[in-house]
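Okay, so the sequence shown: first residue is 858 according to this note's numbering, each after it adds one.
In this text, a Cβ means the ideal position worked out from N, Cα and C, and glycines have one as well.
Here the structure is laid out as structure tokens; the discussion comes afterwards.
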Amino acid sequence: MARLDPSTFSIVAFDPKTKDLGVAVESKFVAVGAVVPFARAGVGAVATQSYANTAYGPKALAMMKRGLTAKDVLKKLVAADKDAAQRQVGLVDARGRAASYTGKGCIAWAGHLVGSSYACQGNLLAGEEVVKAMSRTFEVTQGDLPVRLLAALSAGQRAGGDRRGQQSAALLVVREDGGYGGFNDRWIDVRVDEHPQPIEELIRAFNVYDVTLLNREDPKDVVRLTSDVVREVQAGLTKLGLYRGPVSGRLDAKTKDAFEGWVEVNNFENKLRRDDTIWGSVLRAFRAEVQHRNA
């Protein structure tokens, strides 16, 4: 089988406040999320790319777990790989120490930029501005780690991204016991394997993942169910075929039952409120579905 080159741009990062570790990546290559990102809570995060040596991921995490710094791990990975000149890899450990390597055989433009608790890297890019834009955006964006990672990825694409185009993207953020049911550390694991606009689709998918599985709402992002909002909900439920009553603006039992039915179908039960308010994230998801139905 011919060896494929998943040329890409990525960012690995650590959040010193939450201790979260993550990777965001995009490429003109199918299912880049199955190749590039590796992370383990309390240990580190790795992005391996450009004729990617996927053994770098588990090997790097094992060494960081033993206490080696990202820089020390990087040296050992490169020294042990006879094809290191074709590799590119970024690492960050659970103390925020980051490192990156770009082999001389990586296809231009190829390079990296290491900052405080993060590293950006890419090959076969439109130019150096891609990693610079990612770095700047990651540093100035407000919010938690997934928000900053997605912002950096979007900035890289706006700066030119992979010069061949777009195809897939992924976001992986790990947190101790943060996975589904608390049984693993995969707090966020969202991928777009094949799409003409994978970053935009990744953000859309993350927003659905967020409202379904995560509990990271801004306490201020609550909408009171006024008569105007209730009318909007009733009209939307009618279009979705879930409500047959009047569009009255009155929050009666029939309206509540219909809306709760929509919530349950979409697996948003953990976001139900009983105080005549609705999370803004849930209302936005509802509006998006109604709009999609109208399209």
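My output table needs one value for residue i: the three-state DSSP class, helix, strand or coil.
i, result
"GLU1033", "coil"
"VAL946", "strand"
"GLU1074", "coil"
"HIS1052", "coil"
"GLN1014", "helix"
"ILE804", "Outside the shown range of the chain (858 to 1152) lies residue 804, about which nothing can therefore be said."
"PHE1040", "coil"
"SER884", "strand"
"ALA1092", "helix"
"ARG1131", "coil"
"LEU934", "helix"
"PRO915", "helix"
"ARG1150", "helix"
"LEU878", "strand"
"GLY890", "helix"
"ARG1107", "coil"
"TYR908", "coil"
"ALA898", "coil"
"THR865", "strand"
"ALA1008", "helix"
"SER1138", "helix"
In chain order, what residues of the same chain lie with their CB nearer than 7 Å to the CB of residue i, ignoring the 5 residues before and after it?
i, result
"ARG1088", "VAL1104, GLY1106"
"GLY1022", "LYS885"
"PHE987", "According to the sequence as given, residue 987 is Val; it is not Phe. Cβ within range, chain order: PHE866, GLY979, GLY1013, ALA1016, GLY1017, GLY1018."
"VAL930", "ALA917, MET920, MET921, LEU948"
"CYS963", "SER907, GLN943, GLN945, ASN980"
From residue i to residue j, what distance separates their C-alpha atoms?
i, j, result
"GLY960", "ALA941", "6 Å"
"PHE1143", "ASP1133", "16 Å"
"MET858", "LEU1082", "Any reading at MET858 needs caution, since the residue's pLDDT is 43, under 50, leaving its predicted position unreliable; the model's value is listed next. Rounded to the nearest angstrom, the two C-alpha atoms are 59 Å apart."
"ASP1019", "ALA983", "6 Å"
"VAL1047", "GLU883", "12 Å"
"ARG1015", "ALA1110", "47 Å"
"GLY1000", "ARG1130", "24 Å"
"ASP938", "LEU925", "18 Å"
"HIS1052", "MET991", "21 Å"
"GLY1035", "ASN1041", "6 Å"
"ALA1062", "LEU1007", "12 Å"
"GLN906", "ARG944", "6 Å"
"VAL1049", "VAL900", "26 Å"
"PHE995", "VAL1086", "35 Å"
"ASN1072", "TYR1037", "12 Å"
"ALA902", "ALA927", "9 Å"
"ALA1009", "THR998", "8 Å"
"GLU1033", "ALA888", "26 Å"
"GLY1098", "GLN1091", "10 Å"
"LYS932", "ALA951", "18 Å"
"ALA1027", "PRO915", "18 Å"
Taking residue i and residue j to be in contact with their CB atoms under 8 Å, please state how far apart those CB atoms are, rounded to whole angstroms.
i, j, result
"ARG956", "VAL971", "Checking the sequence, you will find Ala at residue 956 rather than Arg. Going by Cβ atoms, the distance from ALA956 to VAL971 rounds to 6 Å, so yes, they are a contact pair."
"GLY879", "ALA896", "6 Å"
"PRO873", "LEU1029", "The Cβ separation is near 19 Å, so there is no contact."
"TRP1044", "ASP877", "7 Å"
"VAL1031", "ALA917", "That pair is no contact at about 14 Å."
"PRO1055", "SER1084", "Contact doesn't hold; Cβ gap of about 41 Å is too wide."
In chain order, what residues of the same chain lie with their CB nearer than 6 Å to the CB of residue i, ignoring the 5 residues before and after it?
i, result
"GLY953", "PHE871, PRO873, SER974"
"ALA967", "THR959, ASN980"
Excluding the 5 residues flanking residue i on each side, which residues of the same chain have their C-beta closer than 8 Å to its C-beta?
i, result
"LYS1096", "VAL1147, ARG1150, ASN1151"
"LEU1094", "TYR1100, THR1112, ALA1115, PHE1116, TRP1119"
"HIS969", "GLN945, GLY947, SER957, TYR958, THR959, ALA976, CYS977, GLN978, GLY979, VAL988"
Taking three-plus beta-carbon pairs below 8 Å as touching, is the segment 1072-1082 in contact with the segment 906-913? In short, these stretches do not touch, since the Cβ pair count stays below three.
Counting Cβ pairs, one atom from each stretch, are 3 or more of them under 8 Å apart for the segment 1119-1126 and the segment 1061-1070? With the rule of 3 Cβ pairs closer than 8 Å, the segment 1119-1126 counts as touching the segment 1061-1070.
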